[in-house]
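Beneath this line is the structure, given in structure tokens, with notes to follow.
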Amino acid sequence: MDSIRVTGNGPLKGAIPIAGAKNACLALMPATLLSDEPLTLTNAPRLSDIKTMKTLLESLGAEVSRMADGQVLAMSTHGAINHVADYEIVRKMRASNLVLGPLLAREGRAVVSLPGGCAIGARPMDIHITGLEAMGAVIELKDGYLHAEAPKGGLKGAVINFAFASVGATENLLMAATLAKGTTVINNAAREPEIVDLADCLRKMGAQIEGDGTSSITIQGVDRLGGATHPVVTDRIELGTYMLAPVIAGGEVELLGGRRDLLGAFCDKLEEAGVEISQNEGSLTVRGTGRVKAVDVVTAPFPGFPTDLQAQMMALMCTAEGTAVLEEKIFENRFMHAPELVRMGAAIDVQGGTATVTGVERLKGAPVMATDLRASVSLILAGLAAEGETIVNRVYHLDRGYERLEEKLGAVGANVERVQGS
Ligand code: UD1
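In this text, residue positions in the sequence shown follow my numbering: the first is 11, and each later residue adds one.
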């Protein structure tokens, strides 16, 4: 198994290009199931999670090819398709559940294994299920699979009130409603930029959607959707992660494609901690200004502080001046990076969903274990600030969400290298 060796070696300088968003792309790809015509995504990230979604869509009968060095995904789903999403593929990634809504809309039936993915909590699917049931679907759980059947004549528009602003449920229902009979209103919908990106793409395909980016989305069902070409929105989590690199290691880095509106609350927190951020045309520049001040963080749905940047923020707080309290409100088991950071000399006390981090002057390199996607990258960031060498093991988690991480960080002067495992 590969590992990554990080040696803290001082200030970073240069530019890092930010890829298209993994989470947007994973929601956009299943939209191919809604049309017989081709759907082409540009600015697609080259990640193992995207490969998993490609394999899943192919298993359902879609044609998916990667072009232009992998950054263009040309998809086409015509004719009869399979409606069973197999456990062997779905278990690798929770986002596989995003084929449920499109399959029900197109085929009137779907059998989808309950998903796997990062081990960061129970992550049930009740909000997806209740929403689809409100549209007339009958859904049963049998042998680890959800068996869903639309009513005769297809899904029906409905007013759906989500118990929580779930990102995946909003995406599934949004896609399902595009081809339903009548009008669907999703209340307490998620407002993440990835939802807006999906709605933009669906509109290009002919869907009638209003209100995406707010808590109430209205979808007027249409009889059919056509093809489209759509660029995937910038990955705000990759952006936020690399914004922290010059803050932790020192220096100044330009994030190409960076947009402040994708990360409002995160940028506000960094500025509160003393970081300088400037928005240029088409990029963001971040300047490390020495040891930051400790700031408290509470994760929340967009536009709040993203849970997917909590681990990275914790890495920064490990060497901040003062004590920071980090509250994780989205997932119940998302502090697995804390004991690993402690192995590097951090002072962290975890009580339930709250972590109290007392900044130390310097971390020390150590062998550490990546436990999930964002936890892995937090250990790499911590390694940039540590004295000596940090070896991050189990980096397959990283490859799910960060393309060419060692190249991107290496290009701004970080000493990060992949060590091939046996
Ligand atoms: C998406 C992102 C993930 C991010 C998360 C929260 C993708 C592919 N993944 O995941 O990176 O961390 O949003 O921003 O886009 N929940 C339920 N019942 C449900 C659905 C969710 O209880 O039916 C709970 C989950 O267990 C979790 C919380 O709601 O505690 C948030 O989940 P959700 O917003 O659905 O996240 P995902 O779409 O899985």
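Each residue gets a CB set at the ideal place from its N, CA and C atoms; glycine is no exception.
Per DSSP, what kind of secondary structure is residue i in: helix, strand or coil?
i           : result
residue 329 : coil
residue 240 : strand
residue 155 : strand
residue 227 : strand
residue 167 : coil
residue 197 : strand
residue 27  : strand
residue 81  : coil
residue 135 : coil
residue 389 : helix
residue 120 : strand
residue 336 : strand
residue 209 : helix
residue 176 : coil
residue 218 : strand
residue 110 : helix
residue 140 : helix
residue 354 : coil
residue 306 : coil
residue 290 : strand
residue 91  : coil
residue 361 : strand
residue 74  : strand
residue 311 : coil
residue 256 : helix
residue 417 : helix
residue 53  : coil
residue 301 : coil
residue 384 : helix
residue 274 : helix
Quick check on residue i: buried or exposed, where buried means 16 or more other Cβ atoms within 10 Å of its Cβ?
i           : result
residue 329 : buried
residue 174 : exposed
residue 371 : exposed
residue 63  : buried
residue 386 : buried
residue 3   : In this structure the chain extends from 11 to 432, so residue 3 is not present and cannot be described.
residue 290 : exposed
residue 327 : buried
residue 171 : exposed
residue 130 : Residue placement at residue 130 cannot be trusted, given a pLDDT of 44 that sits under 50; the coordinates are not used to answer.
residue 169 : exposed
residue 413 : buried
residue 409 : buried
residue 152 : exposed
residue 128 : Bear in mind that the predicted position of residue 128 carries a pLDDT of just 47, short of 50, making it unreliable; the figure below should be weighed with that in mind. So residue 128 counts as buried.
residue 134 : exposed
residue 92  : exposed
residue 264 : buried
residue 299 : exposed
residue 240 : buried
residue 45  : buried
Indicate whether residue i and residue j have their beta-carbon atoms separated by less than 8 Å.
i           : j           : result
residue 85  : residue 42  : yes
residue 441 : residue 310 : Outside the displayed range of the chain (11 to 432) lies residue 441, so it cannot be described from this structure.
residue 334 : residue 306 : yes
residue 115 : residue 188 : yes
residue 37  : residue 82  : no
residue 13  : residue 405 : yes
residue 227 : residue 176 : no
residue 286 : residue 303 : no
residue 16  : residue 425 : yes
residue 5   : residue 40  : There is simply no residue 5 to check, as the chain begins at 11 and stops at 432 in what is shown.
residue 68  : residue 237 : no
residue 94  : residue 121 : yes
residue 49  : residue 110 : no
residue 382 : residue 346 : yes
residue 216 : residue 164 : no
residue 246 : residue 225 : no
residue 32  : residue 411 : yes
residue 11  : residue 112 : no
residue 18  : residue 395 : yes
residue 314 : residue 365 : no
- Inter-stretch contact (C-beta, 8 Å, three-pair minimum) for the stretch 397-404 and the stretch 370-378: The stretch 397-404 vs the stretch 370-378: in contact.
- Message: Counting beta carbon pairs with one atom in the stretch 232-242 and one in the stretch 252-271, are three or more of them shorter than 8 Å?
- Response: In this structure the stretch 252-271 does not touch the stretch 232-242; the number of beta carbon pairs closer than 8 Å is below three.
- Can we say the stretch 198-212 touches the stretch 335-351, given the rule of at least three CB pairs closer than 8 Å? Three or more Cβ pairs closer than 8 Å define a contact, and the stretch 198-212 falls short of that threshold against the stretch 335-351.
- the stretch 137-145 / the stretch 157-174 touching (three or more Cβ pairs under 8 Å): Between the stretch 137-145 and the stretch 157-174 there are three or more C-beta pairs closer than 8 Å, enough to call the two in contact.
- Can you find at least 3 beta carbon pairs, one from the stretch 262-280 and one from the stretch 22-31, that sit closer than 8 Å? Yes, the stretch 262-280 is in contact with the stretch 22-31.
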